[in-house]
Each structure stands twice: as structure tokens, then as C-alpha cells.
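Residue numbers (the numbering used here): 248 to 973. From the three backbone atoms N, C-alpha and C, an ideal C-beta is built for every residue, glycine too. Values in this document were obtained by computation on a predicted structure and should not be read as measured data.
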């Protein structure tokens with residue numbers, strides 16, 4: 248553009264050096280280094296921060312200009328430059344992704360045939376790559392999880408049927424889960440990758456308990472396989488059924504989530520749990536009934552771990568107070584740590600760090616000040632009873648006040664300094680530049696610049712709508728940086744109907760890299776605009792004249808963060824309430840229900856504390872962990888509690904009853920929890936960081952639930968029994 252305007256259209260390819268370029272486009276004798284007036288400062292700072300690598304140093308070229316070429320150098324260098332390409336916002340999301348991917352492919356071809364390397368990145372491209380790569384490694388993850396399942400089933404049952412039958416059931420459960428979701432028209436996202444390990448983990452838990460009981464009944468002279476399996480299901484119907492109910496309730500709590508992907512994820516998990524339960528009870532049972540025979544050799548003796556059981560009982564007999572104190576101390580520390588746990592959401596968490604787009608993004612972050620820039624929009628429309636935004640004097644005052652507030656905000660690009668020039672585009676700035684460029688224009692429409700502010704001049708001439716209407720027909724260049732005309736600038740900021748102002752759009756560039764930055768920026772804008780009841784705030788002053796909104800990707804991101812927090816609270820609360828009432832129905836008394844539920848609550852706290860230690864944050868998957876810990880933990884405590892009650896009825900010696908409980912149900916829980924935890928640890932092999940974190944945290948959830956169920960729960964049960972009236 249500069250060559251077109253100042254050098255009679257000289258082709259860029261005909262210019263050999265920077266010195267030649269500068270001599271063509273500027274008069275060195277009459278020029279200073281950019282930045283001596285506010286508009287130049289804004290443009291220059293935008294270029295330095297947004298388009299040139301941090302290693303650019305303009306001191307030499309400034310010296311060359313200021314000394315009339317006698318000192319310094321016209322040569323400038325930067326390791327890279329940033330091009331900003333604007334995509335038609337009217338395109339659909341899928342069209343934007345596809346066109347940007349096509350642009351990326353074009354630039355990749357250019358890189359192959361050029362000395363320059365082109366890297367392309369955008370939120371739409373990140374979303375595109377997530378969609379393309381979501382299920383690329385799902386088969387690998389499932390295969391690894393299956394290998395873990397096979398290994399632990401072989402250790403548990405030491406028979407081919409004991410391994411193959413549950414595998415058939417688990418395979419059916421996976422097919423049912425994803426098939427039903429597909430039939431229901433669910434849109435799969437990266438979250439659904441975590442469904443398979445959960446189905447495998449919980450499904451194997453059900454199968455291990457049922458098969459161990461089935462084998463024990465077969466050894467007790469129940470030769471008929473159908474009767475033995477029915478007896479196994481009957482014995483475990485209460486703990487397994489209630490565990491399934493509470494787990495499904497925990498996941499279905501996400502139906503009320505304001506985030507559709509979380510809602511779908513919760514439904515997918517609930518369908519997976521039900522599928523795993525039905526297949527473990529019906530399909531695995533049918534295989535045993537049909538294929539087992541009385542001629543089969545007796546099942547292998549179940550693993551009992553007698554020495555471990557005895558040591559645990561000795562600990563619970565002699566160190567009850569110590570066990571509780573340690574558990575409570577860890578829980579207390581976890582609560583303190585959880586207070587500082589932040590919620591974070593970043594699309595790149597779903598991508599492999601080695602992917603090209605991630606490398607481009609990392610380079611942007613390290614090379615450009617503008618890497619964290621985002622856009623916030625302030626939108627205005629006529630109030631419900633109005634047909635236009637008409638109160639020009641109030642509107643100008645409010646836009647001037649907003650301009651000054653933006654100038655004082657360090658989160659606004661170009662704002663916060665002593666001589667700041669905030670980077671934004673809006674009606675106030677368009678009019679300010681127009682009056683600054685042509686004083687007669689200002690006089691014609693009653694606008695003047697006084698003390699650096701745009702104000703009303705002669706009241707009888709004052710008319711913002713007429714001023715915008717005039718500019719909307721002016722096609723001369725208004726912005727030397729973008730090349731936009733006055734008409735284009737008005738079109739981008741004001742919607743007119745003749746000379747009536749119908750809508751206003753203010754586009755503000757802000758610097759927000761982290762989720763905490765996002766929350767702070769969005770909160771500042773909301774506080775700045777205020778409510779209609781806040782005297783002196785924009786929404787209050789324009790009440791009855793205009794409705795004012797804050798919008799943009801940053802606001803959408805904040806809504807996601809708020810949605811994650813509300814989803815976590817609601818799912819956890821619903822899970823807790825359902826779990827408590829399930830236990831209350833079983834115990835008929837609130838105190839025993841609280842006793843059984845206590846280890847589950849402690850496990851939830853321990854998980855949160857571990858997240859703090861591991862420097863993890865709440866994200867779109869880890870917010871499910873608290874509800875998941877309740878769902879998994881309630882399964883374990885119900886198994887332990889019901890078995891202890893049964894053994895207590897058979898034996899007078901409480902310690903013998905406890906040792907038998909741990910050596911049977913406790914060992915079964917160790918095997919099933921080990922399988923479940925290792926199944927989730929398989930997610931560490933996922934290329935997506937958010938899925939890796941979910942796998943790790945969920946494995947910890949399973950581990951803590953197991954530890955608290957077989958160590959802390961018996962202590963609580965014993966103390967409750969000792970304190971209960973006889």
C-alpha cells in the first residue's frame with residue numbers, strides 16, 4: 248500500500264534493500280521515528296508486539312531516520328514475522344475449519360519450495376486437529392487396557408474360561424456403549440475417549456466379584472452352573488446393584504450441566520456402566536451356564552493373601568486412633584490445598600505436544616508479545632421499547648468514559664501506561680480520528696477535541712448519527728495500518744438505518760493467557776458496565792435507551808469455566824445425596840449410613856489434595872473425578888460393609904469376622920481395584936494431556952477408595968459397633 252501511495256505503484260519485487268524501500272515511501276528529511284502522535288504510537292506498538300519477533304531492534308533504523316541517514320542503519324532484521332489473516336465470520340464453524348486447513352496445506356507447499364518456513368495456527372485449526380485425531384489412538388488404548396485385564400484375570404482365576412468369559416462380556420459392553428450412543432445421534436468428542444477404560448475398569452470389577460462367588464458356590468456342592476450363578480448374583484445383588492445405581496446417578500448428574508459435551512459425556516459414562524453391569528451379570532453368566540459342565544475340574548482356590556489380611560487386622564486392632572488421625576490429617580491438608588485449585592480450559596490440552604500446530608503455537612508464545620491477545624466485544628442494541636440508540640450526549644459521554652477506563656487497564660493491549668493508547672476499535676475512536684483528521688468535519692456535526700478527549704461542541708449541530716452517515720459514504724483511507732476506509736470502519740462498528748444508530752460494536756484487544764487472566768478480564772468488563780441499578784455505570788446511564796452486552800471467545804471461555812465448576816458441584820452433590828439415601832435404605836439408620844459413607848468422602852478429599860501436589864487443575868475431565876470417586880468408592884465400601892455384616896452374623900469373634908472379610912472380599916477388591924486403576928493408567932499413553940491427567944487422577948481415586956475401604960472403614964465399623972447400644 249505504501250508503495251502504491253508514495254512510490255507510484257513500484258512493485259515490491261523491484262526493491263532490493265530496506266534503504267531503497269524507506270527512501271521510496273518516506274521523506275527522511277521530514278520524518279521522525281514512528282510514535283510521536285497517539286495513532287502512530289498505537290500502530291507502531293501493535294506492529295512491534297503483534298507482527299515482529301521479540302528479537303527485533305528498531306534503534307538503528309530510528310537513528311538512521313533521525314540523523315538524516317548519517318548514523319545508524321536502514322537494515323532491520325527479525326527472526327520471524329506474523330501474518331494475521333481474517334476469515335469470513337459469516338462462515339459456519341465447519342466451513343471455517345475446512346478453509347483454514349486448506350490454507351495450511353497451501354503454506355506447507357510453499358515451505359517446501361521456499362527458503363522461508365510457514366507455520367499456521369488458529370483456534371479453528373486446533374479444533375480441526377482435535378476432531379481429526381480424537382480416536383486415532385483409541386484402539387491402542389483399548390488394546391493396552393485389555394492386556395492389563397487379561398493379566399489380572401489370569402492371576403485371579405488361573406483358568407481360560409475365567410479370562411475369556413469376562414473379556415467377551417467387556418467387548419459386548421464396549422460395543423453396546425458406543426453403538427447406542429451412535430444410534431442416539433450423539434456427537435463424539437475427545438471426552439468419549441475416556442469412556443472405554445471406565446467401562447473396562449468397572450466391568451472387570453463386577454466380573455471378578457461375580458466369578459469369585461460363583462466359584463465358591465461351585466465348590467460347595469452346587470453342581471448346576473445356573474443355580475451357582477444365580478446364587479452368586481443373589482448374594483451380590485445388593486452391593487452390586489446399589490453400586491451401579493450410585494455410579495450411574497453420579498454420571499447422569501451431568502445432564503444438568505450447561506456444557507453439552509459434558510452432558511453427552513455423563514450420559515456416555517452412565518450407558519457404559521449399565522452395559523458393563525448387564526454384560527457382567529447376563530452375558531458372562533450365560534457363558535458359564537452354557538459352557539461349564541460338571542466334568543470340569545474344580546475352580547482354582549481363590550487368592551486370599553492371609554498374611555496381608557492378618558497384618559491389616561492387627562493394625563486395626565492396635566492402632567485404631569492412629570489410623571483415624573492419619574486419615575483426618577491427610578483430609579484436612581487436602582481441604583486447605585483444594586481452596587487454591589483453579590479451573591482451566593484450553594483446547595490444546597486435547598492435542599499431542601509433538602503435533603506441528605502445537606510447535607507453531609509454542610513458537611508464537613515464546614516469540615511474540617501478542618501470543619496471549621484475545622478480543623472482547625461490547626455490543627449495544629436499542630432497549631426493548633426503543634427503535635434506535637438515540638441519546639447522543641449520554642452515549643458519547645459513556646463511550647469516552649469507556650475509552651479512558653480502557654487506557655488505564657493493564658490487561659488491555661496498549662493500556663495501563665502513563666501515555667497509553669488502548670488498542671481497540673469502536674465508534675468513539677472512529678469519530679475521534681475523523682475530527683482529528685478534519686476539524687471542519689467536527690464543527691459540522693458539533694464535535695470537538697478538548698484536552699485529548701472527544702466532546703460535544705455546539706449543541707445545535709451535535710448529531711452522532713449524521714456524522715456516522717457522512718463517514719459511511721467516505722471511501723478514502725482512514726487507517727494506514729489496515730487500509731480500511733472511513734466507510735469500512737463505520738461498517739465494522741456501527742449499524743445505521745439512515746441516520747439512526749441501530750447497533751454498536753466495540754472490539755477490544757486484551758492480553759489474557761491463563762484461565763485466571765480470563766476470569767479477571769471478563770469480570771472487569773462486567774464491573775465496568777455494571778448493572779442497570781449501578782448509578783454512574785454504562786448500563787445504568789443507557790437504561791431504557793440501549794441494552795449492553797459483553798461477548799467474544801473470552802466470554803465464551805469464561806462461561807465454559809463457570810460451567811465446569813457448576814457441573815462439578817452439581818454432580819458431586821447429587822452423587823453424595825443418592826449415595827447417602829441408598830445407604831440409609833440399607834441401614835435404616837442415619838448414623839451407620841454416615842459411617843459407611845465417610846471413607847468415600849475422605850477418598851474424594853485425598854484425590855483433590857493429590858491434584859494440588861501434582862500441580863494439576865480442574866479441567867473438562869478432572870471435574871468428573873469427585874463424582875467418580877463417590878461412584879467407585881461407594882461400590883467398595885458397600886462390598887466390605889455387607890460382607891463384614893454377613894461374617895459378623897456367623898462368628899462371635901469380631902476380629903475373625905474382620906479377617907475373613909478382608910481375606911475374601913478385601914482381596915477381591917484389591918484385584919478388581921488393581922485392574923481398574925491399571926486400566927485408567929493406560930490413559931497415560933494417550934497423546935492428549937487432558938486425558939493423561941484424567942487417567943492418573945482416576946487411578947488415584949480407585950487406589951484411595953480401596954485403601955480407605957479396607958483400612959479405615961473397618962475401624963469406623965468397629966468403633967460404631969462398640970458405641971452402639973446392645
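Please give the ranges of any beta strand (DSSP E) in the segment 626 to 656, keeping only runs that are unbroken, at least 3 residues long and fully inside the region.
Counting only runs that start and end inside the segment 626 to 656, there is no beta strand (DSSP E) element of at least 3 residues.
Between the Cα of residue 372 and the Cα atoms of 605, 519, 702, which residue gives the shortest distance?
Sequence index remark: in the chain shown, residue 372 carries index 125 (1-based). That would be 605, whose Cα lies nearest to the Cα of residue 372.
Classify residue 706 as buried or exposed, calling it buried when 16 or more other Cβ atoms lie within 10 Å of its own Cβ.
Sequence index remark: in the chain shown, residue 706 carries index 459 (1-based). Exposed is the call here.
What's the C-alpha gap between residue 803 and residue 813?
For the purposes of this step, residue 803 is identified with residue 556 of the chain shown, where counting begins at 1. For the purposes of this step, residue 813 is identified with residue 566 of the chain shown, where counting begins at 1. Roughly 15 angstroms separates the two Cα atoms.
Minimum C-alpha distance to residue 934 - residue among 336, 308, 440, 374:
Numbered from its first residue, the chain shown carries residue 934 at position 687. Looking from the CA of residue 934, the closest CA among 336, 308, 440, 374 belongs to 440.
I need the DSSP call for residue 591, collapsed to helix, strand or coil.
To locate residue 591, count along the chain shown from 1; it is residue 344. In the displayed model, residue 591 falls within coil according to three-state DSSP, outside both helix and strand.
Please confirm if the segment 473 to 492 is in contact with the segment 869 to 877, defined as three or more CB-CB distances below 8 angstroms between the two stretches.
Of all C-beta pairs linking the segment 473 to 492 to the segment 869 to 877, fewer than three are shorter than 8 angstroms, placing the two stretches out of contact.
Nearest-angstrom Cα distance between residue 835 and residue 482?
Within the chain shown, residue 835 is the residue found at index 588, counting from 1. Within the chain shown, residue 482 is the residue found at index 235, counting from 1. Cα atoms of residue 835 and residue 482: separation of roughly 20 angstroms, rounded to the nearest angstrom.
Residue 794 by DSSP, collapsed to three states: which one?
Walking along the chain shown from the start, residue 794 turns up at place 547. In this structure, residue 794 counts as strand in the three-state DSSP scheme.
With DSSP collapsed to three states, give me the class of residue 466.
Locating residue 466 in the chain shown gives position 219, counting from the first residue. Of the three classes helix, strand and coil, the one that applies to residue 466 here is coil, per DSSP.
Local Cβ density within 10 Å of residue 196, reported as buried at 16 or more and exposed below that
Absent from the model: residue 196. The displayed extent of the chain is 248 to 973, so no value can be given.
Helix, strand or coil: how does DSSP classify residue 750 here?
Along the chain shown, read from residue 1 onward, the residue named residue 750 stands at position 503. Of the three classes helix, strand and coil, the one that applies to residue 750 here is strand, per DSSP.
Using the Cβ count rule (16 or more neighbours within 10 Å means buried), how would you classify residue 645?
Position 398 of the chain shown, counting from 1, holds the residue named residue 645. Burial call: buried.
Which first and last residues belong to the alpha helix (DSSP H) in which residue 895 is found?
Position 648 of the chain shown holds residue 895. That run of the alpha helix (DSSP H) goes 872 to 897.
Whole angstroms are fine: how far does the CA of residue 270 sit from the CA of residue 261?
Locating residue 261 in the chain shown gives position 14, counting from the first residue. Locating residue 270 in the chain shown gives position 23, counting from the first residue. Straight through space, the alpha carbons of residue 270 and residue 261 are spaced by roughly 14 angstroms.
According to DSSP, is residue 362 part of a helix, a strand, or is it coil?
As a position in the chain shown, residue 362 is number 115, starting the count at 1. It is coil, neither helix nor strand.
State the CB to CB distance for the pair residue 755 and residue 671, rounded to an integer number of angstroms; the pair is presumed to be in contact (CB under 8 angstroms).
Locating residue 755 in the chain shown gives position 508, where the first residue counts as 1. Locating residue 671 in the chain shown gives position 424, where the first residue counts as 1. The Cβ separation is near 4 angstroms, so the contact holds.
What did DSSP end up calling residue 724 once you bin it into helix, strand or coil?
Counting from one through the chain shown, the residue named residue 724 turns up at place 477. Note: residue 724 maps to strand in three-state DSSP.
Bridge partners of residue 671, per DSSP?
To locate residue 671, count along the chain shown from 1; it is residue 424. The partner list for residue 671 (beta bridge, DSSP) reads 755.
Locate the alpha helix (DSSP H) running through residue 604, then write down its first and last residues.
As a working note, residue 604 is residue 357 in the chain shown. Element bounds for residue 604: 603 to 614.
Cα-Cα separation between residue 866 and residue 423, rounded to whole angstroms:
Here residue 866 corresponds to residue number 619 of the chain shown, with the count starting at 1. Here residue 423 corresponds to residue number 176 of the chain shown, with the count starting at 1. Between the alpha carbons of residue 866 and residue 423 lies a gap of roughly 28 angstroms.
When the distance is taken between beta carbons, is residue 736 closer than 7 angstroms to residue 700?
Translated into positions along the chain shown, residue 700 becomes position 453. Translated into positions along the chain shown, residue 736 becomes position 489. In this structure, residue 736 does not lie closer than 7 angstroms to residue 700 by Cβ.
Could you tell me which whole beta strand (DSSP E) segments of length 3 or greater appear in the segment 401 to 489?
None, since the segment 401 to 489 contains no complete beta strand (DSSP E) of that length.
With a threshold of 8 angstroms on Cβ separation, who are the neighbours of residue 514 within its own chain once the five nearest residues in sequence on each side are excluded?
For the purposes of this step, residue 514 is taken as residue 267 along the chain shown, with counting starting at 1. Once the five neighbours on either side are set aside, the close Cβ partners of residue 514 are 428, 433, 498, 499, 501, 502.
Selected residue, minimal CA-CA separation from residue 888, among 695, 863, 916
Sequence index remark: in the chain shown, residue 888 carries index 641 (1-based). Shortest Cα-Cα distance from residue 888 to any of 695, 863, 916 involves 916.
Where does the unbroken beta strand (DSSP E) through residue 842 begin, and where does it stop?
What you label residue 842 is simply residue 595 of the chain shown in a count that begins at 1. Boundaries around residue 842 are those of the alpha helix (DSSP H), 837 to 860, since no beta strand (DSSP E) includes it.
Indicate whether residue 242 and residue 815 have their beta-carbon atoms separated by less than 7 angstroms.
Outside the modelled stretch of the chain, which goes from 248 to 973, sits residue 242, for which no answer is possible.
Could you check whether residue 758 and residue 658 sit closer than 7 angstroms to each other, using their CB atoms as the reference points?
As a first step, residue 658 must be located in the chain shown, where it is residue number 411. As a first step, residue 758 must be located in the chain shown, where it is residue number 511. Residue 658 places its beta carbon less than 7 angstroms from that of residue 758.
With a cut-off of 8 angstroms, do at least 3 Cβ pairs link the segment 942 to 957 to the segment 905 to 919?
The segment 942 to 957 makes contact with the segment 905 to 919: 3 or more CB pairs, one atom from each, lie closer than 8 angstroms.
For residue 864 and residue 937, the rounded distance between their alpha carbons
Residue numbering aside, residue 937 sits at position 690 when the chain shown is read from its first letter. Residue numbering aside, residue 864 sits at position 617 when the chain shown is read from its first letter. Cα-Cα distance, rounded: 10 angstroms.
Could you tell me the boundaries of the alpha helix (DSSP H) in which residue 821 lies?
Here residue 821 is taken as the residue at index 574 of the chain shown, counted from 1. For residue 821, the enclosing alpha helix (DSSP H) covers residues 800 to 834.
Report the residue from 376, 669, 901, 526 whose alpha carbon sits nearest the alpha carbon of residue 969.
Translated into the one-based positions of the chain shown, residue 969 becomes position 722. The candidate whose alpha carbon is nearest that of residue 969 is 901.
Short Cβ contact (7 angstroms threshold) for residue 794 with residue 630:
Locating residue 794 in the chain shown gives position 547, where the first residue counts as 1. Locating residue 630 in the chain shown gives position 383, where the first residue counts as 1. Yes; because the gap between Cβ atoms is below 7 angstroms, this pair is in contact.
Work out the CA separation of residue 494 and residue 821 for me, nearest whole Å.
Translated into the one-based positions of the chain shown, residue 821 becomes position 574. Translated into the one-based positions of the chain shown, residue 494 becomes position 247. Going by the C-alpha atoms only, they are around 11 angstroms apart.
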